[in-house]
Every structure is written in C-alpha cells, then in structure tokens.
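*Asks:* Residue numbers (the working numbering), protein chains in the order written: chain A, 287 to 588; chain B, 43 to 513. Could you have a look at this structure, given as structure tokens, before my questions?
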C-alpha cells in the first residue's frame, strides 16, 4: 500500500515538474489593453489570455472559476495595478495555488508602477467617492504611458524567458519605433482638439484629456464611481451654460443614458470612445484604439 | 532644419571651427593688408560668404520653428511621465489590511421568534432563526489580513455577535508558495464544503442563511484543523480539497481522543459558456463523530429534559451556481442562480434525559434539505432576489420508541416535519461599500405549519481595506 502511494506521489511530482521547457510563456492579462501589448511584445513566444473584455468595467470583474484555472497555469500576470483590479485579482492570485504569480514574485507585473500616476489624492476618505490611494489607475489612454509600460514589460518577458531575450528585444525595438511614429501622427492629427471643452463621464478619461490637451469642464459622475442623480444633472446643465462643452466623452462600457440626456440639453454630441482594445470594431489593437479614439473626437468637433 | 546645416558642410565639427576662423580673419583684416596675397583675400571672402549663408539658414530655420511652435502648441510635449519612486517605508507600512463591517437590522415578525424551531431537526444550539424583534445590531465583523512572509499569509476575522461577545470566526494561515497547484490552510476556517459555507454573513445575498444550512450546520461549519486544496493544471476549473479537524462544531462534538475528529472532501468544477455565462458545480462529503451531542427538549409530560446523540454523522452536499453577466446592453446587470442539496445520515445511540432517567438505545435518521435562489441585479445599484427553502426531516428510527420504552411524544423535537420558507429581497447599494436590504419571508419552519411573516430591514457597511469577494 505504502509503495503504491509512494509511486503515485512520485509519478505526480514528475507530472507536475514535466512542464515542457520550450513552451510559450503563458500570460494572464487583466485588461484587453495590456493583453494586446503583451501579444505585441511577446509574439509567438507567448500565449495571452485576457480576463476582461473592453465592454466590462475592469473594476467589477469577478474571480470566476475559468479565471482561477487560467491563473493556475500562468507564468506571468500582467495587471494594471493601482487598485484597478482590487476587487478580484487578489482572490484570483490566492485561489490559483500558483507560487509564480503571487504579488512580489517575478511573475506578477503591474503596469501602473512604471508610469507617473496623476490625480494622486491628497486626502483619502471614501466620502470623496471611489478614489484610488495611488492615483488615477486608468493610465492606458495616454500612449506615452503605453510606451513606458512596453519597455518594462519587454524586460520582464526577457527575464522570465532568457532564451527569447534577443527576440523580445527586437520586437520591443520594432514596437517602440512604430509606436513613436504613431504618437507623432496622433498628436499632429489631434492638434486641432487642443483646448476643446469636454464633459467626461468618469476619471478614466483623465489621461486622454491631459495628453490631447482637452479641457475638462465637468464630469457626469459627481464623484468618482458615484452615479449622477437627476438633481445633480439638472445643476450640471445650469452650470454648463457658462462654459458650453463641445463634446461629451463616453466609454464603450458605460451606460449611455445620462450622457445622452445631457447631450440633448447642452447641444453637444456624446461620443462613444472605445476606451480599450476591442471597445469598437476599429480598435482591434493598440494602434486601432488610438486611431479610432482620435478620429471619433475629430468627427465630433468638425 | 538639420538638413539645412548638413547641406552646407558634411563635417559638423567644422561648424564650430569655421566661425572662429572667420572672426580671426576679420580681426586680421583690420590690420594693414599689404602683406597679404590677393588670392588669400579671395579665399577669405568666399569663407565669409559661406558663413553668411550658414547664419542666414540658421536664423531662418529658427524663425520658422518659432512660428510653428506659436501656431501649433500641440507639439509642445508635456513633461515626460517618469516612474514613481518607491513608496515610503515606515513601521506602520507593514500593518495588515483592516476592514470593518458594520451591520444592523430592524425585524418585525408576526409570530414570537422565541418559539421558532425547525420541525423534525435536532436543535443545534446555533444562532439560527429569525432572531429578535425590533432594532438590533447584527454581527459586526473585523477582518485583519496580510502576507506573513513569502511563504504564508494570515487572516483573522472576528465577529461581534448579537450577544455582545467577540467570536473568532476564522483565524488561519495559508501557503503562498507550494508547488503544483497545492494550497494548505490551517487554523480555524469556514470549511470548503458546499457553496455558501465559506461565504461570510456580509456577503450573503439574503439577510440569513437557507434553512438547510441553519438545520444542518447551525448556519456555517467552521473547522479547527487543516485543509489541503489542489487545483488541476487544466483550462477547465477543477479543484479538489480535503480537510481534517477536531470537528468540535455541530454536527460533531469535541472529543478527548488524539487524532482528527472527522474529515471532509470536496470537488469543484467550473468554467464559462460564451462570454456572458459562468458556472460552478460542487460535491462535498463530510463525516464526523458526535459524542454526547446534547440538545434540550420537553418530555411527554412537558418537563424540560436534555437528550444526547452519540454516533456517526455523514453529510453530502451538491451545489450549483450559474451567473449570467450580459456583455452588451445596459451594463452592470447580472443574474445569479444558485441551489444546494444537503443530505445527512446519522447512526448511533440516543440517550433520553441524560441527567435523570438516562435511558439509551439505538438511533438512526436520514434527513435532507435544499434551496434554490435567484438574485437579479437589474440596475448597477439595485438587486432583487427570490429564494425557496425546503427541508425533509424524514422519520427517525428511535430505539426507545420502537422498543416501547417511551412514546414518540417524549421526543417532540424529533417529530417528523417538512419545513418550508419563501423569501423575497430587494437591496440598494449606494456604493461598493454600503448596502440597504429589505427582506420578507413566509416562514413555515415550525411543526404546526403555520406561517410566520418575517420582515427585515438591514444595513451593511464596509469600512477600510477594499475587500475582494470570491465567486
């Protein structure tokens, strides 16, 4: 009996240890954008599974069984960080039983720790709404942040798969060049948007506004994460009479009701932006995300 | 602009030297030139010409650049984002994450909660049932959690009960670094059996547990012991778990012997169907020994007696959860369907009036219960729910009764019954951290089968660390 158990355990240990050495790096990305970036940089040396689609609020995802199973087999978790996934990622990592992706291990990567976060609250109190102590976590809508994260992520891939280091470096160089050129193109295209007064839905458009120089005149949410009441929207219409917005920004995953209501009152179009890779048909990858975002904005102010 | 310079001279170093040479030449020109050869003067002139062209080009380039900058400020780069510095280190930086749950309720019941009991099930001494009428602070909960080191994390969850006592609900460590999908948990923890057993009160979808959990586990089963879980390396979620503990909680009792008092095993499978449906199925088995598990009853003449069961108690549970979270249309909607079936067989001896008559004979029972519930989040901040509970106590085989020693009326708590309850719920969640709930139940748990209308208004607030909930 003892021998059977011993043999069984041995077979089990061998099975567990027999992960093919040349297997692609398995990446679990929490959002579509970081999934897309990991795929750009990793090429065919990685397989990427994305936990959230662009039509989901990354804040509200659940640690469902399928995600736990993916986390179990992941070599690397690419998270946004800055508490965006605080409601589910800790459970996912904990339930995965995977020692390689625990927080603080090399297999846990946070994009937000490689860029400078804006809107770091000077006062932390939940009466101020759903604020994030480390700053605004929605960093991906400034392409310069994407470039910074790409550099760090590429180094991470090389560290986890040293044999592919040259491959990753070449892909990163190629991506960097194309991304740099794209940023210049987008900035040139979006030059007429500078100073455009806009109403935003939630703080997740803050980085886009800063990058393109859009002027936020109001936010549909009275406080981050707090949906507007009818009374607040009424006040908003009044206060916007003095500074009429040209555009109301909306994300693909947002409920458009409040924005449409406001749009009709202040005579400014509500523009649905992809927000994330996959948010619109054209936002198939990171390049498409910004191509579409800028075209939609330009279309709206024309 | 660069091209303008380059066209003048390929060698950029020369740019620096040329103007200097030209200035020297100019200075020399102020001196008597008689000694200079005519061809030298011509060369100097050519040099000067080139210099002028060079500067003209530079000035033009600078001017055009200035004009460009003024007309299109978009190209002015903002300060490049730089990586954040490491967070400050302080003694308090290693404090565990603390979260506090405040709960309270107002209850209104049509029947006296004091005589509430579940027909046909042995009272288990738990804080079950509709609770007290009027206002009351429910269970406030304090949770502390942190990583201990790279290998372990620790959690303590203490509850302040309705009796103003502090009770340790959970206090456990779990491993972070075991290989091959294993996780070991030790200490006191809610057992992994069933689906709702591990869920803390503040995360329940109704104000109370299903009748089946109240009857079979006095709400929830906590192990003082260890749990080993293994997650299969497949894309299909497959989790196996085994537990051993002292089994001091109902339906077990604390015994004096060495070794574990009982064991529990569970298996979970789960996955997604399309991009809007997710599911989990589970099966659990729990076996324990009870030794003099006492309960209070009234004998045939209405006097209070204490009876006790000694023997084996085996429970199995089947559970299923299905969640539909539509990706399109109005966001924030979710439908959650869940149901569990619990079945228990107990076999051993039953002692009647342990402090008096002390009669003992065989006892056997086979009991079951189930519930089915649906909760629909129809707007991001609103949820409505419906639940149906049903229990079947079966008819226990009591040796003292079949042997003619005592009449069945001597065991009123064990008279067969089929308790049922229907519950409706509506809750409003102003934010992730607050919840107001209105619940109404038609409770037919008592053996007379009459309905008790139970109204409950409840609040639940979360303070501190942002909690993460399990599926």
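We treat Cβ as the ideally placed atom computed from N, Cα and C, and that holds for glycine.
Is it a yes or a no for the stretch 282 to 295 of chain B touching the stretch 323 to 332 of chain A, going by three-plus beta-carbon pairs under 8 Å?
*Replies:* With the cut-off at 8 Å, the stretch 282 to 295 of chain B and the stretch 323 to 332 of chain A do not touch.
*Asks:* For residue 512(B), which residues in chain A fall below 7 Å Cβ to Cβ?
*Replies:* Within 7 Å Cβ-Cβ: 349 and 377.
*Asks:* Please determine, among 181(B), 225(B), 485(B) and 238(B), the residue with the shortest C-alpha to C-alpha distance to residue 4(B).
*Replies:* Residue 4(B) is absent from the structure shown; chain B starts at 43 and stops at 513.
*Asks:* Rounding to the nearest angstrom, what Cα-Cα distance links residue 302(B) and residue 289(B) in this structure?
*Replies:* C-alpha separation (whole angstroms): 8 Å.
*Asks:* Taking residue 369(A) as the reference, which of 513(B), 512(B) and 508(B) has the closest Cα?
*Replies:* Of the candidates 513(B), 512(B) and 508(B), the one whose C-alpha sits nearest the C-alpha of residue 369(A) is 508(B).
*Asks:* Count the other CB atoms, across all protein chains shown, that sit within 10 Å of the CB of residue 565(A); report buried if there are 16 or more and exposed otherwise.
*Replies:* Classification of residue 565(A): buried, given that the 10 Å Cβ count is 16 or more.
*Asks:* At a cut of 8 Å, does the stretch 305 to 325 of chain B reach the stretch 345 to 354 of chain A through at least three beta carbon pairs?
*Replies:* In short, these stretches touch, since the Cβ pair count reaches three.
*Asks:* From the DSSP output, read off the bridge partner residues of residue 504(A).
*Replies:* DSSP lists 485(A) as partners of residue 504(A).
*Asks:* Is the beta carbon of residue 248(B) less than 8 Å from the beta carbon of residue 488(B)?
*Replies:* Going by C-beta atoms, residue 248(B) is not nearer than 8 Å to residue 488(B).
*Asks:* Would you give the residue range spanned by the beta strand (DSSP E) that residue 334(B) belongs to?
*Replies:* Unbroken beta strand (DSSP E) run through residue 334(B): 319 to 340.
*Asks:* My understanding is that residue 229(B) touches residue 178(B), with C-beta atoms under 8 Å, so please give their C-beta distance in whole angstroms.
*Replies:* Rounded, the Cβ-Cβ distance is 30 Å, inconsistent with contact.
*Asks:* In the DSSP assignment, the beta strand (DSSP E) including residue 363(A) goes from what residue to what residue?
*Replies:* Where residue 363(A) is concerned, the enclosing beta strand (DSSP E) stretches over 362 to 365.
*Asks:* Pull up the distance between the alpha-carbon of residue 574(A) and that of residue 457(A), whole angstroms please.
*Replies:* Rounded to whole angstroms, residue 574(A) to residue 457(A) spans 19 Å at the Cα level.
*Asks:* When the Cα of residue 349(B) is compared with those of 368(B), 403(B) and 325(B), which residue comes out closest?
*Replies:* Measuring from the Cα of residue 349(B), the nearest candidate turns out to be 403(B).
*Asks:* Give a yes or no on whether the minimum CB-CB distance between residue 512(A) and chain B is below 8 Å.
*Replies:* Chain B, which has a Cβ nearer than 8 Å to the Cβ of residue 512(A), makes this yes.
*Asks:* Please check the pair residue 361(B) and residue 382(B), which I expect to be a contact at CB under 8 Å, by giving their CB distance rounded to whole angstroms.
*Replies:* The Cβ separation is near 4 Å, so the contact holds.
*Asks:* Under 9 Å between beta-carbons, which chain B residues line up against residue 354(A)? List them in chain order, please.
*Replies:* Residues of chain B passing the Cβ test: 273, 279, 281, 312 and 513.
*Asks:* Kindly indicate the opening and closing residues of the beta strand (DSSP E) around residue 410(B).
*Replies:* From DSSP, the beta strand (DSSP E) with residue 410(B) extends over 401 to 421.
*Asks:* Let me see if you follow: with CB-CB separation under 8 Å, is residue 320(B) close to chain A or not?
*Replies:* Yes, residue 320(B) lies at the interface with chain A (some Cβ there is under 8 Å from its Cβ).
*Asks:* For residue 489(A), which residues of its own chain have a beta-carbon under 6 Å away from its beta-carbon, when the five flanking residues on both sides are left out?
*Replies:* The answer, listed in chain order, is 422 and 510.
*Asks:* Taking the alpha-carbon of residue 417(B) as reference, which of 246(B), 497(B) and 461(B) has the nearest alpha-carbon?
*Replies:* Answer by Cα proximity: 246(B).
*Asks:* So, are the CB atoms of residue 390(A) and residue 446(A) less than 8 Å apart?
*Replies:* For residue 390(A) and residue 446(A), no; Cβs fall outside 8 Å.
*Asks:* Per DSSP, what kind of secondary structure is residue 307(B) in: helix, strand or coil?
*Replies:* Note: residue 307(B) maps to strand in three-state DSSP.
*Asks:* Give the DSSP-derived three-state secondary structure of residue 255(B) in the structure shown.
*Replies:* Helix.
*Asks:* Any beta-carbon of chain B closer than 8 Å to the one on residue 358(A)?
*Replies:* Chain B contact via Cβ: present.
*Asks:* Opposite residue 336(A) in the DSSP bridges: which residues?
*Replies:* Residue 336(A) is bridged to 315(A).
*Asks:* How many whole angstroms separate the CB atoms of residue 357(A) and residue 311(A), which I take to be in contact at a CB cut-off of 8 Å?
*Replies:* That pair is no contact at about 15 Å.
*Asks:* Here's the rule: buried if 16 or more other CB atoms are within 10 angstroms of the residue's CB, otherwise exposed. What is residue 470(B)?
*Replies:* The residue in question, residue 470(B), is exposed, as its Cβ has fewer than 16 Cβ neighbours within 10 Å.
*Asks:* Could you check where the beta strand (DSSP E) with residue 574(A) kicks off and where it finishes?
*Replies:* No beta strand (DSSP E) contains residue 574(A), which is instead part of the alpha helix (DSSP H) from 572 to 587.
*Asks:* Residues of chain B with CB under 8 Å from residue 369(A), in chain order?
*Replies:* In chain order: 508.
*Asks:* Would you say the stretch 134 to 143 of chain B touches the stretch 494 to 508 of chain B, given that touching needs at least three Cβ pairs under 8 Å?
*Replies:* Touching, yes, given that three or more Cβ pairs across the two stretches are closer than 8 Å.
*Asks:* So residue 347(B) is in the beta strand (DSSP E); what residue range does that whole segment cover?
*Replies:* Where residue 347(B) is concerned, the enclosing beta strand (DSSP E) stretches over 346 to 366.
*Asks:* Taking 8 Å as the threshold (beta carbon to beta carbon), is residue 307(A) in contact with chain B?
*Replies:* Only weak support is given to the placement of residue 307(A): the predicted model assigns it a pLDDT of 45, under 50, and the question is left unresolved by the model.
*Asks:* Which value, in whole angstroms, describes the spacing of the CA atoms of residue 504(A) and residue 367(A)?
*Replies:* Approximately 26 Å between the Cα atoms of the pair.
*Asks:* Comparing the C-beta of residue 454(B) with each C-beta of chain A, is any distance below 8 Å?
*Replies:* Not an interface residue.
*Asks:* Flag residue 372(A) as yes if its beta-carbon sits less than 8 Å from any beta-carbon of chain B, otherwise no.
*Replies:* Yes, residue 372(A) counts as interfacial toward chain B.
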